[in-house]
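Numbering (numbering that gives the first Met the number 0), first residue to last: 0 to 175. Take a look at the structure set out below.
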Amino acid sequence: MTGQLSDDGNYMWNGNEWVPVEQAPAAAEPAVAASAVMEPVAETPAMVEPAVATPVAAEPMMGAPAMATPMMAASGGDWAIQTAEYGMFFTKLLAFLLKVCTLGFGLPWAKCMVINKWCSNVRIDGRRIQFTGTPMGLFGIWVKICILSIVTLTLYYWFAGYKQVSKYIDSHITWA
Numbered sequence: 000m001t002g003q004l005s006d007d008g009n010y011m012w013n014g015n016e017w018v019p020v021e022q023a024p025a026a027a028e029p030a031v032a033a034s035a036v037m038e039p040v041a042e043t044p045a046m047v048e049p050a051v052a053t054p055v056a057a058e059p060m061m062g063a064p065a066m067a068t069p070m071m072a073a074s075g076g077d078w079a080i081q082t083a084e085y086g087m088f089f090t091k092l093l094a095f096l097l098k099v100c101t102l103g104f105g106l107p108w109a110k111c112m113v114i115n116k117w118c119s120n121v122r123i124d125g126r127r128i129q130f131t132g133t134p135m136g137l138f139g140i141w142v143k144i145c146i147l148s149i150v151t152l153t154l155y156y157w158f159a160g161y162k163q164v165s166k167y168i169d170s171h172i173t174w175a
């Protein structure tokens, strides 16, 4: 292998990471020096291609404890979403028309309508979930975000406002 050796001679840089040297550094250095002395300088090629070291797989950490069982997923269970009916498509279409006809003021009602339909189709470990939020609660958050974003020249929206609607929705989803 060719590459840059570390100060202690135990590791070599392969272009991406430091890998342990397989042979002793003392034995590697004289071989390189001897081959450099014995080679005649008769002909120099126009372009020399550098030797590329094959990457060596990194060894596992010795201090890390071995895991006995695989970890459970964060969500914890099986999700099942019923998608056989066209109800969600028509619900989203109706929500879009509501937003367009009310010039955006119907956004909270449209969003609640879509979330209610989605929650009625979802099963987690065989249990249903439901959305308990109201369009008026969502409308209050929507107005607060708009006013504070205008006052702060959109800084409120970029730092906190865009998360508020998602927080409201997440906090109002419960088991049915």
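For every residue, glycine included, the Cβ atom is placed at its ideal position computed from N, Cα and C. Predicted model only: the values in this text are computed from it and were never measured.
### Query
So what does DSSP say about LEU4, is it helix, strand or coil?
As a first step, residue 4 is located in the sequence shown; it is residue number 5 there, counting from the start. Correct three-state label for LEU4: strand.
#### Entry: Top-ranked residue by Cα proximity to ARG127, from VAL18, ALA79, SER170
As a working mapping, residue 127 is identified with position 128 in the sequence shown. Ranking VAL18, ALA79, SER170 by CA distance to the CA of ARG127 puts ALA79 first.
### Task
Assign ALA175 to one of three DSSP states: helix, strand, or coil.
Counting from one through the sequence shown, the residue named residue 175 turns up at place 176. Judged by DSSP in its simplified three-state form, ALA175 adopts coil rather than helix or strand.
### Message
Helix, strand or coil, according to DSSP, for VAL121 in the structure here?
### Response
Indexing the sequence shown from 1 puts residue 121 at position 122. If DSSP states are grouped into helix, strand and coil, VAL121 belongs with the strands.
### Message
Can you tell me whether VAL20 is helix, strand or coil according to DSSP?
### Response
Here the question's residue 20 lines up with position 21 in the sequence shown. Three-state DSSP puts VAL20 in coil, outside helix and strand.
### Message
Quick check on DSSP: helix, strand or coil for PHE138?
### Response
To locate residue 138, count along the sequence shown from 1; it is residue 139. Residue state, collapsed to three classes: helix.
### Task
Say whether the region 128-139 touches the region 110-118, bearing in mind that this needs 3 or more beta-carbon pairs closer than 8 Å, one atom from each stretch.
Flag = yes, the region 128-139 and the region 110-118 touch.
### Message
Once the 5 residues before and after PHE95 are set aside, which same chain residues still bring their CB inside 8 Å of it?
### Response
Indexing the sequence shown from 1 puts residue 95 at position 96. Only residues of its own chain outside the window of five on either side were considered, and among them ALA109 have a CB closer than 8 Å to the CB of PHE95, listed in chain order.
### Query
Does the beta-carbon distance from ILE149 to ILE114 come in below 8 Å?
Position 150 of the sequence shown holds residue 149. Position 115 of the sequence shown holds residue 114. At a Cβ-Cβ threshold of 8 Å, ILE149 and ILE114 do not count as neighbours.
### Task
Find the nearest neighbour of GLN81 within the set ARG122, LYS91, LEU154, THR173, judged by alpha-carbon distance.
Taking the first residue of the sequence shown as 1, we reach residue 81 at position 82. Nearest to GLN81 by alpha-carbon distance, out of ARG122, LYS91, LEU154, THR173, is ARG122.
### Query
Start and end of the beta strand (DSSP E) containing PHE89?
Looking up residue 89 in the sequence shown gives position 90. Premise fails: PHE89 lies in the alpha helix (DSSP H), 86-100, not in any beta strand (DSSP E).
#### Entry: CA-to-CA distance, PRO107 to MET135, given in whole angstroms
Start at 1 with the first residue of the sequence shown, and residue 135 comes out as number 136. Start at 1 with the first residue of the sequence shown, and residue 107 comes out as number 108. The alpha-carbon atoms of MET135 and PRO107 are separated by roughly 7 Å.
### Query
Do GLY160 and LEU147 have their C-beta atoms within less than 8 Å of each other?
As a first step, residue 160 is located in the sequence shown; it is residue number 161 there, counting from the start. As a first step, residue 147 is located in the sequence shown; it is residue number 148 there, counting from the start. Yes.
### Task
Consult DSSP for PHE198 and reduce its assignment to one of helix, strand or coil.
The chain is shown from 0 up to 175; residue 198 falls before or after that span and cannot be answered.
### Query
Excluding five sequence neighbours on each side, which residues of the same chain lie with their C-beta closer than 7 Å to the C-beta of ILE140?
Working through the sequence shown from its first residue, we reach residue 140 at position 141. Hits under 7 Å: GLN163, VAL164, TYR167.
### Task
Pull up the DSSP beta-bridge partners for PHE130, would you.
The residue you call residue 130 lines up with position 131 of the sequence shown. Under DSSP, PHE130 takes part in a beta bridge, and its partners are ILE172.
#### Entry: Bridge-paired residues (DSSP) for ALA79
Taking the first residue of the sequence shown as 1, we reach residue 79 at position 80. Answer by DSSP bridge pairing, in chain order: ARG122.
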